[in-house]
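Trainee: First, the structure itself, so that you have it in front of you.
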Amino acid sequence: MSLRALWIIYNEKGENASIRFSRRFCTVEHRAKSLAGSSYVAVPEDSSFLQLLLTELGLSGSHKSYVAARDDCLYRPRSPAVELRLDGKGTLWPVLALSQAPLILACLPLVDIPSEPRPPLANLLSVSQGLTFLAGLQTFLLGSAGNLDSEGLVSRMATLPSLLLQVCPLGTLLDTPQAVTPTAPTVPTSAGAQKQPAWKTGLHRGRATVNVAVVETVRSMQYGSPTRQDLWDVYGTVTCKCEVEGVLPNVTVTLSLPHNGSPLQDILVHPCVTSLDSSILTASSVDNADGSAFSGPYKFPFSPPLEPFRLCSYTSQVPVPPILGSYQLKEEENNLRLSVSLKLHESVKNSFEYCAAHLPFFNRNQMGVVDVKVSSGQLDVSKEKNLLVWVLGQKFPKSHEVTLDGKITFSGSSQGPSDPLCTGLTAYIKLYLKVPDTTLSGCFVDQHSVQVYSSAKPRIITSRELLSKEYYIWNSTGPAPVSSGQMMI
Amino acid sequence: MAPNWTERISAFCRSPSGFLSGTNPEAFLSELLRELRDDRASYGVKVLLLSPLCEYAGLLCATGCAGEETALDLMSVFAQCPTRWAQFRCHLLVALTGVLVCSSCASGRSRASLDFLDLLLQIAQDAGDLHGDGAQRCLRATACDCLREMEASCPGLLSQRLELLAGLRQQESCRLHQAYVGLQVLVLRNAVYQLTQEAGAGAAHLKALLGGNTSAWEAEQEAEQEASQADGGDSAVQSSLVLGPMGRVPSLHTGPDCKELRSVLSSLLEESYLLTPLCQAALFHRLIELVAMVPGIPPSILRAQLLRLLGTNEVCLLHVTLLMKCAFTDSLFSAEDEAFLLKRLVVLSQHPLLSAPDKLFYMDCILHFPENRPIGCGDSDEALPVLLTPQLASALLPTVFNDSATLLARLNLQALVYLEEEGEEEGEEEGRGLAYIYEHLTALLHIVEGGGSRDIVVTFFRAAYLFLSYFHRVEQYSALLSQQLCRLYLLHTQLAPNILNLVQQTLHSLAGCSWAVGLLRGLQGAITEAPLDQLTLPDLSCHLRVLARVAEEAKISQRSSLGFLSAVVTRSSLRASGDWRLGNGVLGVCRRLLLHPSLDSLLIPLADILLHLACNYGDTDIQDHARLYYALLTTVSWEKLSAVLAQSAAEGGGQVKRPTLSGVMAESEGLVHTLSVHRAETAVFQLSEARPQPQPQTGGPPLAQDEGGGALEAYRAQFREAGSAPQITLQYRLTHTEPPHPRFEQLFSIRLHFSLTDQNYEQLQDVSVPCLFTQRPAPVLRLTLTPRQPYPTTIHVSAVFTSSDGLTWHAPVPDIHVSFQHTFLPLPVPPAWSRARREELFQELWEEMCGEASGCAVSLFCCQLGGAALKALLQEHFLPFLLSHPSQEDGFWVLLFLPPRSHLLLKISCEEDAVQFNMATDNWQLLPHINAYLLRITCAQDLPVT
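Heads up: the protein sequence lines correspond to chains A and B, in order.
For the first sequence, position 318 (counting from the first letter as 1) is numbered 318 according to our numbering, and the numbering increases by one without interruption.
For the second sequence, position 889 (counting from the first letter as 1) is numbered 1378 according to our numbering, and the numbering increases by one without interruption.
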């Protein structure tokens, strides 16, 4: 349940990868040696480790189309735990690696069960711990938003040695690195009082505030084809920020559904939730759900950490997608004829923060003449990117339906963007939308249902919103790049 | 001029072996320790200085003595460090733990390690920071983790302190209680494990253990402990005890009466919620082990936590739940729970909010699902749980939007699902599943056709291999795949290596599968039927590569290939260009055709092609080779031809070919095998040190006549006239490694090459040994080293030799180590010098070294040694260097000459019960080495006191 070594690799655009930080844990290595006996494989030095890992991840020799050691079809890298084949000195396993540009984080967990024959990953607790740790480290170094802040990265890297002293001084993982480690403004507590949770870095002083936000995301694949079923799904997250006094304050948040709402499924909760009712967990998206399933209210009693956190997440099977689209392309002599219609479902609130449809065209010359009319909204044409952006604004018209018709010639002299997926009539529209103060599943948090067991009356703020992600409407006159039958995204 | 430590430390950590080749571990260690003691160095630098010790303690303190010494030094640094440098003090504790564990001092319960344990316990108990001193708290947390690590490395180390640790955990109310929980539960687990190993241990022992009342059986237990350590029992204790239903966990029979343990476990479980997820997972893991070892505690004690764990979004907490299931199966999880857990895993394997690595891990957990009633007992094989129905698995169908690892993992899972189905019923369901998988493969193929990235190409071929490995018998699909691959190849000829790799792997691992031959036949057809005039040069060379592979298949008719070759060589544009690579490609195909069983029927067209090449091709080299082949073809019978060339063909069937320089010429591959040097992966023989024979005076300054006058002056005069540098000679025996490989039993013309790892010695000449047979006595070889600095070193050795089958091999030979004492030489003075004259020289040198001369230093080493032991020591180690008479009582003078021109003088005397080694040297850098050497040789006799 410990790590033998940890590496942070900087690999910008796949070139000049270098190890920016590495740490070996000699006492764990000592144990690894005695546990593995004759099958012990020592950790290679940084430079050879880097080469081996890059080969394993398929990142080495990017200018060569085929390298036997990297591309052999027999070999299936068992991500997230890969093996490094050392030249004649055995195999280093399991190396966990997590990539998020520009970093690759890797660690080597200790195998504390006999290593011959190779045990399954599922029997090694250190593997899941390593994954948790690396994911935490990744969030610490790169942030969760995904936009890179290079200066911040450098300064956070500099704090690693002292940070590791707290979270993993000797290779045994104690905690994930936290973005802020204030020098504990803790209040002296008298002996025998409630113990402070180890995951709570300090105590809040002041007015109690609880902020609960429900964000739902809808994904869809619409084919407009009689033989192919359209698919959509919805998942939601409930994020909390609680400023409540006390060492271990009790808060309860209750999620409710409208009268005929379909049950929330696949509920996952944050470890700070103190107890769960088994009925909350039973509904599952992979089950044939029966009508009698529990449909709330869903109570989550917990003691909050100081920082914002994701209290729970769920999925939901809503009967209809928010926007049903149809997309038809026709290749004519010199041009491409388009016909699009989008229909907003009446149950969805017609008040968007934004709503836009992107129509990219790949593997063609650059656009020449664009002769396209829209019934509502406005159209932006980006000829360099071969992209039409149809901005639908804040509202659909009364009819709840909008259309786009016209034709495009691709008469430009230079080649537009290419994509191996979207050849010929395989093309899509991608929708981007955000609707404040609504959810598709109808799930909501009633302000009055948030209970805080403390003396002062807390301020409670709740919010909801609906977002789209991977919302595709495929051209129904061309082959969609997915196989038939049931498909999960 | 302080050395730039930041740079040096980072150079060390980047490559310790490279760094130490320029110095040696002892010297580097002593430099580090000196700098750590230096008051002028800043604490920022000192933290940095500790990092080599934290990360590579095993390398720097290889022996118990070195570890003990270093630990004592570090503890004194700790004692002197002001408390405000908390970070540094924490790092010091970490370094100390590393040093003591890695040098095996901790497992040997050495004095320093016991002192260190006391120090750690003292820090851990020091709750003086109640009023919020963060620094002190940080130190306490580190101390707890050090204690935990010491216990993890030396199980049982703290088992006598259980009661104390339990008390500390209960008292602590700030975040630190987590550290105490981790410590207590580990110590408890190890202590219970030890009890299980003791015959007759039961409830009473357990109770005593928890109550801290262990004196009654302490002695007995310690003796057992030592015995178990002696036979390396440590690793069994350290291994995880979470085993499946097939594993055997040692158990402690307490009967139902183990209230005390139960109450400890309950209170730990109650507090589990307060720990970070990582520590919670570790705690549960230890608790599972404990409950598994003590049958008196029912697994249901864990039930209260289950719901919380099953709903979690933390991968390590769900994982530990699976481990619980693995350990306790139906005594904790009902059939309903099992079905729920599996469904949960399927949900998690495709949950939109989880990261790809987590999802892949969950998928792996599905394939190794700990079932309550497992059917198979294969522990490491992937197997589908019985409850995973195709309907349930359909949630994990691959799509083209998956990343490649996910895609392949899902494909593998689906293949397993439908493979199982195939065996059970020939229903419509099965057909649909397989059809879906194939359709998916086709979708990937279309992306590759559309110009997918390298990643997609590789993924597609892996998916194709996976598909074939499960379903190659399903004719309908495998034939279709073959056709589609041929079409793909014509569109993208640069995929030739991928396709050939797929051919090779299916041939190799799917015995009795004719698919690959079929594909090759299809490729041959596709290539030879396509119109020739649209081909570009790169296309053509890919085609030739494929045809060369096709020509290796005896079952494929080669007529059409020949037709294609003929068309290629007669095409005027190509012929005139005389491209060497192209010609070489054509010759490559021809060479394989020469080996083809149907050569007789190919004779005339092949001869035509070769003749055409020989006469008309625009490159002389190609012409020459074509002429050679033509001559072989027309004059040598097929049997002889294949005998000449067969060896290489057999090689071609193996794995990935190793690129050799001479292999660039494809058509000469037949000769490559015998001409190239083969690489042996492991050592074939080794050099072991031969017993030193009476050392003749080798080299050294010429022995001038003694001309009287001052002994020192006369002595020095020799060096002025010295021609060659003094040398040391070491003898080694060359022996086979055990067990000898049958192929290498008789070796000839062995040439040993030595490469130095540092600058301290002159380069070594290669050494030749005529032969080495397992049956005959081992040859002895002498290695003459010319030191530039008399330091220990490691020499890399490699060898080139010929095996009895005539092949030439290159093999590594285990490193040889030149230790410090190897460099000792007796005083190089004329043999005529009398004892008195030598003593005079000793005295003069001693006085000079005690003076101010640069580089000189004196030092003192003491140890407890009886008179007899000292005599034995002198006899064994210093006899050739002894100046004074061995029977002399008051003291002994030893003079070590270390080439090229360093001296080390020892005055050894007995003082009461200790022996003093007074040292003087003209090269202070030798001090750490001599110190280590004395420690080692005196350690063997008794414990040293320095």
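Each residue gets a CB set at the ideal place from its N, CA and C atoms; glycine is no exception.
Tell me which residue opens and which closes the alpha helix (DSSP H) that Met1338 (chain B) is part of.
Mentor: From DSSP, the alpha helix (DSSP H) with Met1338 (chain B) extends over Arg1324 to Cys1339.
Trainee: Give me the Cα-Cα distance between Trp574 (chain B) and Leu306 (chain A), rounded to the nearest whole angstrom.
Mentor: Rounded to the nearest angstrom, the two C-alpha atoms are 29 Å apart.
Trainee: Count the other CB atoms, across all protein chains shown, that sit within 10 Å of the CB of Glu15 (chain A); report buried if there are 16 or more and exposed otherwise.
Mentor: Answer is exposed; the Cβ neighbour count stays below 16.
Trainee: Tell me whether the stretch 132-143 of chain A and the stretch 105-113 of chain A touch, counting them as touching only if at least three CB pairs, one residue from each stretch, are closer than 8 Å.
Mentor: At 8 Å Cβ cutoff, the stretches touch.
Trainee: Using a Cβ-Cβ cutoff of 7 Å, what residues of the stretch 661-672 of chain B are near chain A? List them in chain order.
Mentor: The stretch 661-672 of chain B vs chain A, Cβ under 7 Å: Ser662, Cys663, Arg664, His666 and Gln667.
Trainee: Closer than 7 Å, Cβ to Cβ, to anything on chain A: give me those residues from the stretch 837-862 of chain B, in chain order.
Mentor: Listed in sequence order: Gln839, His840, Pro841, Leu842, Ser844, Pro846, Asp847, Leu849, Phe850, Asp853, Cys854 and His857.
Trainee: Note down, in chain order, all residues in the stretch 465-478 of chain A with a beta-carbon under 7 Å from any beta-carbon belonging to chain B.
Mentor: Result list empty, no residue passes.
Trainee: Could you list which residues in chain B have their beta carbon closer than 7 Å to that of Ala158 (chain A), in chain order?
Mentor: The contacting residues do not exist; Ala158 (chain A) stays about 12 Å from chain B at best.
Trainee: Quick check: is the beta carbon of His961 (chain B) nearer than 9 Å to any beta carbon in chain A?
Mentor: No, His961 (chain B) does not count as interfacial toward chain A.
Trainee: Using the rule of at least 16 other Cβ atoms within 10 Å of the residue's Cβ for burial, across every protein chain shown, is Ile1016 (chain B) buried or exposed?
Mentor: Its Cβ being crowded by 16 or more others within 10 Å, Ile1016 (chain B) is buried.
Trainee: Considering only residues of the same chain and omitting the five flanking positions on each side of Gln1112 (chain B), which have a CB-CB separation below 6 Å?
Mentor: Only Ala1103 and Tyr1106 meet the Cβ criterion.
Trainee: So, Leu248 (chain A) versus Ser303 (chain A), is the Cβ gap smaller than 9 Å?
Mentor: Result yes, Cβ atoms of Leu248 (chain A) and Ser303 (chain A) sit closer than 9 Å.
Trainee: By Cβ distance, which residues of its chain are closer than 7 Å to Asp266 (chain A), with the 5 residues on each side in sequence left out?
Mentor: Closer than 7 Å at the Cβ level, and outside the excluded window around Asp266 (chain A), lie Ser284, Ser285, Tyr314 and Thr315.
Trainee: Looking at Arg833 (chain B): is its Cβ nearer than 9 Å to the Cβ of Leu807 (chain B)?
Mentor: Going by C-beta atoms, Arg833 (chain B) is nearer than 9 Å to Leu807 (chain B).
Trainee: What three-state label does DSSP hand Met564 (chain B) in the structure shown?
Mentor: Correct three-state label for Met564 (chain B): helix.
Trainee: Quick one: Cα of His694 (chain B) to Cα of Ser18 (chain A), how far?
Mentor: Between His694 (chain B) and Ser18 (chain A), the C-alpha separation is close to 55 Å.
Trainee: CB-CB under 6 Å to Ser761 (chain B), same chain, minus the five flanking residues each way: which ones, in chain order?
Mentor: Gln769 and Leu772, listed in sequence order.
Trainee: State whether the stretch 347-356 of chain A contacts the stretch 402-419 of chain A, with contact taken as three or more CB pairs (one from each stretch) at a distance under 8 Å.
Mentor: Not touching, per the Cβ criterion.
Trainee: Closest to Phe960 (chain B) by C-alpha separation, out of B:Arg1324, B:Glu909, B:Ala1214 and B:Gln569, would be which residue?
Mentor: Measuring from the Cα of Phe960 (chain B), the nearest candidate turns out to be B:Glu909.
Trainee: Below 9 Å on C-beta distance, what does Gln614 (chain B) contact in chain A?
Mentor: In chain order: nothing, as chain A lies at least about 15 Å away.
Trainee: For Pro1266 (chain B), count neighbouring Cβ atoms within 10 angstroms of its own Cβ and tell me buried if that reaches 16, exposed if not.
Mentor: By the neighbour-count rule (16 or more Cβ atoms within 10 Å), Pro1266 (chain B) is not buried but exposed.
Trainee: Apart from the five residues just before and just after Leu1316 (chain B), which ones in its own chain have a Cβ nearer than 7 Å to its Cβ?
Mentor: The residues are Arg1327, Leu1384 and Phe1386.
Trainee: Closer than 9 Å, CB to CB, is Val273 (chain A) near chain B or not?
Mentor: Closer than 9 Å to some Cβ of chain B, the Cβ of Val273 (chain A) qualifies, so yes.
Trainee: Measuring only the C-alpha atoms, how far is Thr1246 (chain B) from Arg1277 (chain B)?
Mentor: Between Thr1246 (chain B) and Arg1277 (chain B), the C-alpha separation is close to 13 Å.
Trainee: Is the beta carbon of Met813 (chain B) sitting closer than 9 Å to the one on Leu795 (chain B)?
Mentor: Closer than 9 Å, so yes.
Trainee: For the structure I just gave you, are there three or more beta carbon pairs, one from the stretch 828-843 of chain B and one from the stretch 854-865 of chain B, closer than 8 Å?
Mentor: The stretch 828-843 of chain B, when compared against the stretch 854-865 of chain B, does touch it at the 8 Å Cβ threshold.
Trainee: Is the Cβ of Cys579 (chain B) closer than 9 Å to any Cβ of chain A?
Mentor: It does: the Cβ of Cys579 (chain B) has a partner Cβ on chain A nearer than 9 Å.
Trainee: How big is the Cα-Cα spacing for Asp71 (chain A) and Val906 (chain B)?
Mentor: Their backbone Cα atoms lie some 27 Å apart in a straight line.
Trainee: Kindly list the residues whose CB is nearer than 6 Å to the CB of Leu646 (chain B), restricted to its own chain and excluding five residues on each side of it in sequence; keep chain order.
Mentor: Excluding residues within five positions, the ones whose Cβ falls inside 6 Å are Met639 and Glu640.
Trainee: Between the alpha carbons of Ala293 (chain A) and Val588 (chain B), how many angstroms are there, rounded?
Mentor: Cα-Cα distance, rounded: 59 Å.
Trainee: Taking the CB atoms as reference points, tell me whether Leu672 (chain B) and Cys643 (chain B) lie closer together than 9 Å.
Mentor: No, the Cβ-Cβ distance between Leu672 (chain B) and Cys643 (chain B) is not below 9 Å.
Trainee: On the three-state DSSP scale, how would you describe Ser1137 (chain B)?
Mentor: Residue placement at Ser1137 (chain B) is poorly supported in this model, since its pLDDT is 49, which falls under 50; the coordinates are not used for a value here.
Trainee: Is the beta carbon of Pro360 (chain A) sitting closer than 9 Å to the one on His935 (chain B)?
Mentor: Cβ distance not < 9 Å, so Pro360 (chain A) and His935 (chain B) don't count as in contact.
Trainee: Indicate the three-state DSSP secondary structure (helix, strand or coil) for Phe361 (chain A) in the structure shown.
Mentor: Phe361 (chain A): coil per DSSP, three-state reduction.
Trainee: Give every residue of the same chain whose Cβ lies closer than 6 Å to the Cβ of Ser326 (chain A), excluding the five residues on either side of it in the sequence, and list them in chain order.
Mentor: The answer, listed in chain order, is Gly224 and Ser341.
Trainee: Are the CB atoms of Leu311 (chain A) and Val212 (chain A) within a distance shorter than 9 Å?
Mentor: Contact flag set, yes.
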